[in-house]
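> Residue numbers (the numbering used here): 5 to 360. Please see the structure below; I have some questions.
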Amino acid sequence: MSPVPPGGTIGILGGGQLGRMTALAAGRLGYRCHVLAPEAESPAAEVSAAFTRAAWDDEAALDRFAGAVDVVTLEFENVPVAAVERIARQRPVRPGAAVLAVTQDRVAEKSFVNRAGVGTAAWRPVASAADLGRAREALGGSCILKTCRMGYDGKGQVMVRPGDDPMARWAGLRTDAAIAEAVVDFALEMSVITARGVDGALASYPPVENRHEHHILRRTIAPAPIAAGAAAEAVRIAETLATELAVVGLLGVEMFLARDGAVLVNELAPRPHNSGHWTMDACAVGQFEQLVRAVCGLPLGDPAPFSAAVMDNLLGDEADRWPELLAEPGARLHLYGKREARPGRKMGHVNRLGPR
């Protein structure tokens with residue numbers, strides 16, 4: 005399959021900051037980007053050549069969009085599968101609908117990971133309060149209840165403890181399909197971002213440690229302070245899953261390093277990942293350029309970092325600190341152009357580099 009050469013147009017499904025940074029990376033390689041998203045405010049569209057604002061079920065708009073681009077990728081994994089399938093009739097979508105069918109549903113995702121021979125927290129599907137009660141007991145008396153679809157940054161999940169009323173917990177989640185997961189005794193949370201090309205080539209960034217506050221990523225430390233064996237296992241897992249899923253693009257794999265040394269998969273994200281933002285300044289080829297290379301059929305870049313790095317998210321009005329961050333020696337500031345700063349909203353990030 006011939007690569008899309010520079011000068012071509014990349015369609016991006018979703019208009020958030022991940023699309024923005026993808027478009028900026030694409031522009032450096034000579035590509036134009038065309039964003040499709042339903043929201044009026046689109047950080048990605050502000051730095052792209054074209055913007056189609058349309059609902060995901062607007063078939064005429066999807067067809068026009070497909071006709072205006074050479075290849076399509078996504079910055080938001082919850083694009084409806086039907087929309088991706090329609091666009092794919094005209095243009096390659098990377099990653100495709102088959103990947104989203106797995107990663108949009110937690111039960112499907114956990115089942116896929118386990119079939120691939122990779123460990124996760126113990127889990128049970130839940131479709132009722134009675135199911136939740138049984139799952140809690142099977143999982144050790146406490147569990148984390150999550151909606152099967154659309155949850156992120158702590159939304160759509162709740163801890164269920166021994167004394168909690170399953171009926172109340174189930175009703176509060178407001179869903180008819182969920183998953184209960186055992187609580188993992190972990191030493192740290194980490195992630196690996198793997199790129200997979202059209203030809204099946206793989207390139208993985210080293211594992212990083214992720215620290216969360218109120219379920220939102222606060223800091224990423226690269227590389228993760230873990231033993232070489234655990235790091236190699238984390239990369240092996242990410243590359244196995246990317247290959248089994250036949251991803252073309254990026255796969256972010258969130259994991260736990262358990263206190264007993266086991267590496268367990270938590271979630272998959274078939275797109276650029278917040279924990280990969282450090283690569284923009286600490287690697288010759290960052291995650292966003294790597295995505296462009298993968299979906300356009302170009303050779304993947306070397307993911308090896310030339311520097312250690314710490315990435316801090318800027319949430320809400322923390323982005324107002326831009327004057328002091330710009331004045332800080334060595335700090336690399338990235339702002340997303342969002343107009344309204346709300347508590348917990350990701351407004352930007354700052355990378356700080358250190359010795360390798």
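Just so you know, even glycine gets a beta-carbon here, dropped at the ideal spot from N, CA and C.
Give me the Cβ distance between Met-154 and Asn-82, rounded to the nearest whole Å; I'm assuming they're in contact under 8 Å.
Contact holds; Cβ gap of about 6 Å.
> From Ala-105, Leu-17, Gly-34, Thr-247, pick the residue whose C-alpha is nearest to that of Ala-65; which is it?
Out of Ala-105, Leu-17, Gly-34, Thr-247, Leu-17 has the C-alpha closest to the C-alpha of Ala-65.
> Measuring only the C-alpha atoms, how far is Gly-34 from Gly-12?
Roughly 8 Å between the two C-alpha positions.
> When we look at the beta-carbon of Met-171 and count the other beta-carbons within 10 Å, is it buried (16 or more) or exposed?
Met-171 comes out exposed.
> Need the endpoints of the alpha helix (DSSP H) that Pro-327 sits in, please.
326-331 is the extent of the alpha helix (DSSP H) around Pro-327.
> Following the continuous beta strand (DSSP E) through Thr-247, name the residue where it begins and the one where it ends.
No beta strand (DSSP E) holds Thr-247; the alpha helix (DSSP H) holding it covers 232-249.
> Taking 6 Å as the limit between beta carbons, can you name the residues of its chain near Arg-165, skipping five residues before and five after?
Same-chain partners within the cutoff: Ser-146.
> At the level of alpha carbons, what is the spacing between Glu-237 and Asp-67?
So the two alpha carbons sit approximately 42 Å from each other.
> What residue range is occupied by the uninterrupted beta strand (DSSP E) comprising Asn-118?
Run containing Asn-118: none in the beta strand (DSSP E); it sits in the alpha helix (DSSP H), 110-119.
> Starting from Asp-189, follow the alpha helix (DSSP H) in both directions and report where the run begins and ends.
That residue, Asp-189, is in no alpha helix (DSSP H); it is neither H nor E in DSSP.
> Tell me, please, whether the region 83-98 touches the region 120-127 by the rule of three or more beta-carbon pairs shorter than 8 Å.
No, because fewer than three Cβ pairs between the region 83-98 and the region 120-127 fall closer than 8 Å, the two stretches do not touch.
> Do three or more CB pairs link the region 339-353 to the region 315-325 at distances below 8 Å?
As far as the Cβ criterion goes, the region 339-353 touches the region 315-325, which means the pair count is three or higher.
> Give me whichever residues DSSP pairs with Gln-161 in a beta bridge.
Its beta-bridge partners are Lys-150.
> For my contact list, Val-103 and Glu-113 are in at a C-beta cut-off of 8 Å; report their separation, rounded to the angstrom.
In fact, because the Cβ distance is near 10 Å, the residues do not count as touching under 8 Å.
> Go to Glu-322, then tell me how far its beta strand (DSSP E) extends in each direction, as first and last residue.
From DSSP, Glu-322 is part of no beta strand (DSSP E); its letter is neither H nor E.
> Report the rounded CA-to-CA distance for Val-111 versus Phe-190, giving the unit in angstroms.
In a straight line, the C-alpha of Val-111 is about 22 Å away from that of Phe-190.
> For a test of the three-state rule: what should DSSP assign to Asn-317, helix, strand or coil?
Of the three classes helix, strand and coil, the one that applies to Asn-317 here is strand, per DSSP.
> Can you give me the Cβ contacts of Gly-290 inside the same chain, cut-off strictly under 6 Å, excluding the 5 residues immediately before and after it?
Cβ neighbours of Gly-290 beyond the five flanking positions: Thr-283, Met-284.
> What did DSSP end up calling Thr-224 once you bin it into helix, strand or coil?
Correct three-state label for Thr-224: strand.
> Closest by CA to Ala-86, which one among Asp-62, Val-75, Asp-74, Glu-79?
Of Asp-62, Val-75, Asp-74, Glu-79, the residue nearest in Cα terms is Asp-62.
> Who pairs with His-216 in a beta bridge, going by DSSP?
Answer is Leu-221, bridged to His-216.
> Would Met-194 pass as a contact of Ala-228 if the rule is Cβ separation under 8 Å?
Yes, they are a contact pair.
> Straight-line CA distance for Ser-279 to Gly-305?
C-alpha separation (whole angstroms): 18 Å.
> Which of helix, strand or coil does DSSP assign to Thr-179?
Coil, per DSSP.
> Identify the residues that DSSP records as bridge partners of Phe-292: which are they?
For Phe-292, which the question treats as bridged, DSSP gives no partner whatsoever.
> For Leu-245 versus Val-117, is the C-beta distance shorter than 8 Å?
Closer than 8 Å, so yes.
> Would you mind giving the Cβ-Cβ distance between Gly-15 and Pro-47, rounded to the nearest angstrom? I have them listed as a contact below 8 Å.
Wrong, their Cβ atoms sit about 17 Å apart, outside the cutoff.
> According to DSSP, what are the bridge partners of Gly-256?
DSSP lists Ile-197, Ala-273 as partners of Gly-256.
> Could you check if Met-163 is buried or exposed, using at least 16 other CB atoms within 10 Å of its CB as the buried criterion?
Exposed, because fewer than 16 other Cβ atoms sit within 10 Å of the Cβ of Met-163.
> Whose C-alpha, out of Val-267, Ala-92, Gly-352, Thr-198, is nearest the C-alpha of Leu-339?
Looking at the Cα atoms, Gly-352 is the closest of the given residues.
> Based on the DSSP output, what are the partners of Gly-15 in its beta bridges?
DSSP output for Gly-15 lists His-38, Val-76 as bridge partner(s).
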